[in-house]
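Protein chains in written order, with numbering that gives the first Met the number 0: chain C, 0 to 722; chain X, 0 to 685.
Idealized CB from N, CA, C, for every residue including glycine.
Note sheet for the following structure.
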Amino acid sequence: MAALEEEFTLSTGVLSAGPEGFLGVEQSDKADQFLVTDSGRTVVLYKVSDQKPLGSWSVKQGQTITCPAVCNFQTGEYIVVHDQKVLRIWNNEDVNLDKVFKATLSAEVHRIHSVQKTEPLVLFQRGAVRGLEALLAEPQQNIEAVIPDEEVIKWSEFFMVFKQPVLIFITEKHGNYFAYVQLCKSHSLSKYTLLLGKEEKSVKPNFTARVDGKFISLVSLSSDGCIYETLIPIYSSDTEKNHRLIRALMLKAVVSGAARNGTALTILDQDHVAVLGPPLPASKECLSIWNVKFQTLQTSKELPQGTSGQLWYHGEILFMLHGKCLTVIPYKCEVSSLAGALGKLKHTQESDPHSMPHFVDWETCSGYDLGSYSADQSRTLRRKKIETNLQPEVPGSKQLLSIIKNDSEKHIEVELRKFLAKSTPDFHTKIGDVVAGLLGRCKAEPSFYPRNCLMQLIQTRVLSYSLCPGLMEIALEHTDVQMLQLCLQQFPDIPESTTCACLKLFLSIGDDCLRDININMESVFDYSDTIQDEKKEMKEQTEIVQNGFSPEDNSCSKDDQQLNKKPGDAAKETTSFPVTSCPVTPKRAALINAVLHSAYSEAFLLPHLKDIPAKHITLFLQYLYFLYLKCSGNATMTLPGISPPTLSQIMDWICLLLDANFTVVLMIPDAKRLLLNLYKFVKSQISVYSELNKIEVSFRELQKLNQDKSNRGLYSIEVLELF
Amino acid sequence: MGEFKVHRVRFFNYVPSGIRCVAYNNQSNRLAVSRTDGTVEIYNLSANYFQEKFFPGHESRATEALCWAEGQRLFSAGLNGEILEYDLQALNIKYALDAFGGPIWSMAASPSGSQLVVGCEDGSVKLFEVTPEKIQFARNFDRQKSRILSLSWHPAGTHIAAGSIDYISVFDVKSGSIIRKMVLDRQHLGVTKSRCIVWGVAFLSDGTVISVDSVGKVQLWDSATGTLVKSHLIANADVQSIAVADQEDSFVVGTAEGTVFHFQLVSVTSSSSEKQWVRTKPFQHHTHDVRTVAHSPTALISGGTDTHLVIRPLMEKVEVKNYDAALRKITFPHRRLISCSKRRQLLLFQFAHHLELWRLGSTLATGKNGDTLPLSKNADHLLHLKTKGPENIICSCVSQCGSWIAYSTASRFFLYRLKYEHDNISLQRVSKMPAFLQSAVHILFSEDSRKLFVASNQGSLHILHLLEGSFKHLHTFQPQSGTVEAMCLLAVSPDGNWLAASGTSAGVHVYDLNHLKLHCTVPAYNFPVTALAIAPNTNNLVIAHSDQQVFEFSIPDKQYTDWSRAVQKQGFHQLWLQRDTPITHISFHPKRPMHILLHDAYMFCIIDKALPLPNDKTVLYNPLPPKNESDVFLRRTAHAFKISKIYKPLLFMDLLDERTLVAVERPLDDIIAQLPPPIKKKKFGT
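In structure tokens, the structure reads:
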């Protein structure tokens, strides 16, 4: 959900906000620091979190700044233009702008644009564009005129598209608007005519833009109060022609059409825009956040003192001039997820990141930390002391490490077995060193892949992902699914990206590849048996019908079976739905189960899940749905087998998959049935829970009644015989 | 072994008071516990968590704070504005001193133990010097606006943190002035509460102040700068208590939701020396508010409204992983609240402020094991005797013939004569109690109801001769010279010749009642006595100790009996020693001299001395009756301990006659039903 956080103001003592507001607010090379340029003579550098200025620079009396100061991210210097032609470059140490570097140019500058990782670009009023370096090398160079005489640049923006700087600017001539897209590297310029509607031409529209694939999405707020989007291709097929661009309505009447000025908009992210302006003709000005995708107003904030109609958005912070103050409103947009909406208790995972008892044993951690030994603790560590006494001359990991560097795989294996047979005090770290050694050699020699050694090491159960970060990557490279399965089972701390990479591999690997691989199958039960059981059940059911009972009556009359009824229904549907048999082979199922068992954090896993191809998503969903049906087939809601995935794991993964790929899944015809079933399930689940909540009191009464039965009253005489 | 009719009594409507404070004393390994009715109990953690002493409550004395100072001196303070010191020898209150600051909410002893500070309703913090005999008011600190709810000394004794409403203040002890004020956030999950009560503070030696508050947060503050360092939101309700380990490497907090959280100082990574406080373990042993917590070197101790005292040993601190490492939950007092008149089949129940006398019912039917027999007459509530005054009853007793009732409060002794005329009973108070009979720790009538034995809290034992409606003072056994320790337990032989008395630590003395002199002293044993009884005919004294050992001492021979020696030689069964409640009552079968009946809260046992003792390989508790097995098998498995666990929690069990037992149970559910409802948590849905 998008949300505006509490606003705060920056003191604007030295700044003089003219009737037009400020020239601009620009990012500096340090996070949280911003350059504010007023319309007069001053540039101030603010540290926003501290709400205080770090530095302030002014040009001489009589001079005026004509273009907002920007930061050159490559050098950390600041650049400003005053009196249209004079360029000043300075840094934090400089005090007086008069004494800093100065370059007088031959043409008037419209704006300087600077973004991260590239040199700043200077846009001249006549449409010419120069890189800063090239310009400084020869300040007086001739600047050509690109746009016709009467056109005036109204707005410009600078993007990096695939490492190529792209500049877009909009010009106006007699109420007609033109867009120019300049590819700086190839020096190609395309001109487009923007076709606007019939609204008043006297009011200038507001523009903002963002890159969307191969297009620049130009979003404009027109004088009729609506937001339009125009897609401008970045790479035009032929540059000669004058293209016409038609705009599309994006949002209707977000601000009052009567608002002459004081409106502004900026794109926040893919789905959200911020709009400044009065929502109704008579109302005060408002900052509103709109969700473009769902056409909803997410949040808004009234600004009673009026604004200058300017809005800047940098690094999740919105800046605007509210009254006489520069107001800062942090903006946050958390991704809302289906899993969250379904009520999976998210905070139980988040609230305590330390509570992973099977993972970190704090006592042993501090025990191994020799520095924290204290005299009174020593008695508790008696056992460990004995171990340290046993420490002497184990031939040592050092020797083994040198063997690893040079010897053959066979030899390493033998030595490793010897090493593992002894238990040394800091086994953890030594094992880590050995694995690091092995992996180092793997990287150096692509042919070297000591599979058996690695498997042995993993099975010591002391390794974790963080001890040997490269191990799973190498296994992925070799598509060694058996090792990956082992890692997933043993490591408590696999990052979500790796988990997802494993999942991708497990879903995509061919069945013929799996056939010859020995995989631990204990998490998979024999599906064929259960299918037969199911058939038997079906037979029994039909027999009941023959005996004169209708199964529908049966389920309705038994209220206490309400809980079991839903899964029963679902099971019945399997006959009509193709998932009667396991959609994947048992070996693949075992691999996927290992992924289901692994620990993850939703927020980190979601983005990776989006990369899985649609085909595999449907397969995975089908498998999960199959597991769910199997789960709900019995009263305890568990699967048979030694360590099968639990119901909550299955449900969590279904939620996650749908969250990540909802739109994709929606489009796949195969998945339609599946989605429908899931939807039905969720609906029934919600109703069951709400019913349960309603009858909680009755349950408690029942429990009391039950207790009363065993309670023989306050007084009784009984017979006791002792043997 | 025997078939009994058991009067199963569940109408003893006893509800323990909620626990308000606990204070742990490291030197003696003792725990002081105060309850909401003002009762203070002392548990000896070294002696199997036995409740060895208690101070009766008082209606106007709601204890809000409890602390040990100057080694092993115990102080409490409460809402009546007084600071009390307890005399742990004589089991009475040494003195009460008004702090003149209105109700006292908090108290803390300085790390050296030589000073006490109290926090009062009027916002004052008062410093007292602990002198050898008393405490002396020293100084007031800067007065605050609202009540001081919590106090903590800096381990160096130079500063004091005081928790109030909405803020924490730090005082300099030398000047008494406030040097830092830290204001708390009243926000809870976005909702601003009207106020934020700081229920507890703890000052660490590095200057960190840990606070717990009504918003549900545990917060760490830097007292040097007055800034918030870290905040843990751990509950939706109040966090009410905090205690820090002496090493300052762990602390424990208790919440109103009944959860206890353990925080530990752990290294950020295994190699770095940088450490941070991490919430490591949650424990949910309580259903209601955890009003107080304590942190002993090896265990977390918590108590609250649900009346349980929970001792949770920290597994990593326990050296030997034996039964001591198990969780202890203490609910019932380790003393008898019930006495019984065998002849008239009466039960006397002792409550905090009244006594109830009940007559048991009867049945004519017979049945086999496990049957419930139809009642021909139900139990009758004969008498409801209210005490006068605000003091709680310490002890009470009904005579075997049922015609005498005696009880005592902290300042008065009462004796009543009961007369039974058909269905009516009349009650007559015996007036003009002598001046020496002020307060009794234990009262006992002789078997023939003609003598009354009273153990006073000054260590002396009085013997009174009871006549029809009056009494005569026969003799007083003065305590051994130099000791003032109160005698807590008495036992008289059925023939009336011997009286055994035991104190909390001095061992068991046996007096000759015919010659009115000390007969002998049982060899000292280093665990306190939990129950005493003298067997008929043989005059063997059976003593149960808190470490679950049972001794049999022949009074005429002045030595342990052969059976007792045999038991000690072989040792008790492992499971017998692992029981966690003490034996509170011992009795004998009139016709079977080889039998000893004893019980604790969870089992009742008949020891048949004729049978072989069980060793660790035999099954100690075998509830199932032998079925078609041969006699040989029976003989092979039969052992001296016949145990029944049917009745629990068992507060009292005695033999009424040869074939009749009475068992008084107090089911926990009945107690819970009388407690205020706990904070409701949703069970279903999301």
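Can you tell me whether His508/X is helix, strand or coil according to DSSP?
strand
Within 10 angstroms of its Cβ, does Cys512/C collect 16 or more other Cβ (buried), or is it exposed?
exposed
Give the C-beta separation of Phe282/X and Thr258/X to the nearest angstrom, bearing in mind that I take them to be a contact with Cβ-Cβ under 8 Å.
7 Å
Drop a sphere of 10 angstroms on the beta-carbon of Phe435/X, count the other beta-carbons inside from all chains shown, and report buried for 16 or more, exposed for fewer.
exposed
At what residues does the beta strand (DSSP E) containing Thr295/C begin and finish?
Element bounds for Thr295/C: Thr295 to Leu302.
Would Leu665/C pass as an interface residue toward chain X - the criterion being a Cβ-Cβ separation below 8 Å?
no
Label Asp49/C either buried or exposed according to how many other C-beta atoms from any shown protein chain fall within 10 Å of its C-beta, with 16 as the threshold for buried.
With fewer than 16 other Cβ atoms within 10 Å, it is exposed.
So which residues of chain C does Arg9/X contact, with C-beta pairs closer than 7 Å?
Result: Leu713 and Tyr714.
Are the CB atoms of Ser463/C and Pro494/C nearer to each other than 8 Å?
no
Quick check: what's the CA-CA separation for Val85/C versus Val180/C?
Just so you know, the alpha carbons of Val85/C and Val180/C end up roughly 26 Å apart.
Apart from the five residues on each side of it in sequence, which residues of its chain come closer than 7 Å, Cβ to Cβ, to Glu414/C?
Leu399 and Ile402
Glu720/C versus chain X: which residues are under 9 Å apart at the beta carbon?
Met0, Gly1, Glu2, Phe3, Lys367, Asn368, Gly369 and Pro624
Hey, would you say Ser455/X sits closer than 8 Å to Ser430/X, going by beta carbons?
Result no, Cβ atoms of Ser455/X and Ser430/X do not sit closer than 8 Å.
For Asp28/C, which residues of its own chain have a beta-carbon under 7 Å away from its beta-carbon, when the five flanking residues on both sides are left out?
Cys70, Phe72 and Gly75
Kindly identify the DSSP beta-bridge partner or partners of Val14/X.
For Val14/X, which the question treats as bridged, DSSP gives no partner whatsoever.
Cα-Cα, which of Thr103/C, Lys153/C and Thr41/C is closest to Gln140/C?
Thr103/C
Would you say Ala98/X faces chain C, with C-beta separation under 8 Å as the test?
Chain C, which has no Cβ nearer than 8 Å to the Cβ of Ala98/X, makes this no.
Tell me which residues of the segment 668–702 of chain C have at least one Cβ-Cβ distance to chain X shorter than 8 Å, keeping chain order.
Tyr688, Ser689, Leu691, Asn692 and Glu695
Since Ile266/C and Val218/C are thought to touch, with beta carbons under 8 Å apart, how far apart are those beta carbons, to the nearest angstrom?
6 Å
Should Ser113/C go down as buried or exposed, given a rule of 16 or more other Cβ atoms within 10 Å for buried?
buried
Show which residues of chain X have a CB atom less than 8 Å away from the CB atom of Glu25/C.
Near Glu25/C there are no residues of chain X at all, since even the closest Cβ is about 33 Å away, more than 8 Å.
Check whether chain X comes within 8 Å of Glu717/C, counting only Cβ atoms and requiring the distance to be less than that.
yes
Give me the residue from Leu646/C, Val327/C and Thr192/C with the minimum Cα distance to Ala634/C.
Leu646/C
Okay, do the segment 337–347 of chain X and the segment 384–403 of chain X touch, 3+ Cβ pairs below 8 Å being the bar?
yes
Is Phe72/C near the ligand ADP, judged by its Cβ being under 7 Å from some heavy atom?
As for the ligand ADP, it is missing from this structure, which has no ligand bound.
Ile605/X CB to nearest chain C CB: under 8 Å?
yes
Which residue comes first and which comes last in the beta strand (DSSP E) that contains Ile167/C?
Gln163 to Lys172
So what does DSSP say about Ala500/X, is it helix, strand or coil?
strand
Tell me, please, whether the CB atom of His287/X is closer than 8 Å to any CB atom in chain D?
In the structure shown, chain D does not exist; the protein chains are C and X.
Rounded to the nearest angstrom, what separates Leu605/C and Leu131/C at their Cα positions?
Rounded to the nearest angstrom, the two C-alpha atoms are 41 Å apart.
DSSP has Leu227/X in a bridge; who is on the other side?
Paired residues: Trp220/X.
Where DSSP assigns a beta bridge to Pro52/C, which residues make up the other side?
Tyr45/C
I'd like the list of long-range same chain contacts for Cys339/X, defined as Cβ closer than 6 Å, with 5 residues on each side in sequence excluded.
Leu346 and Asp653
Comparing the C-beta of Gly70/X with each C-beta of chain C, is any distance below 8 Å?
no
Measure the CB-CB distance between Leu498/X and Val528/X and report whether it falls below 8 Å.
Contact flag unset, no.
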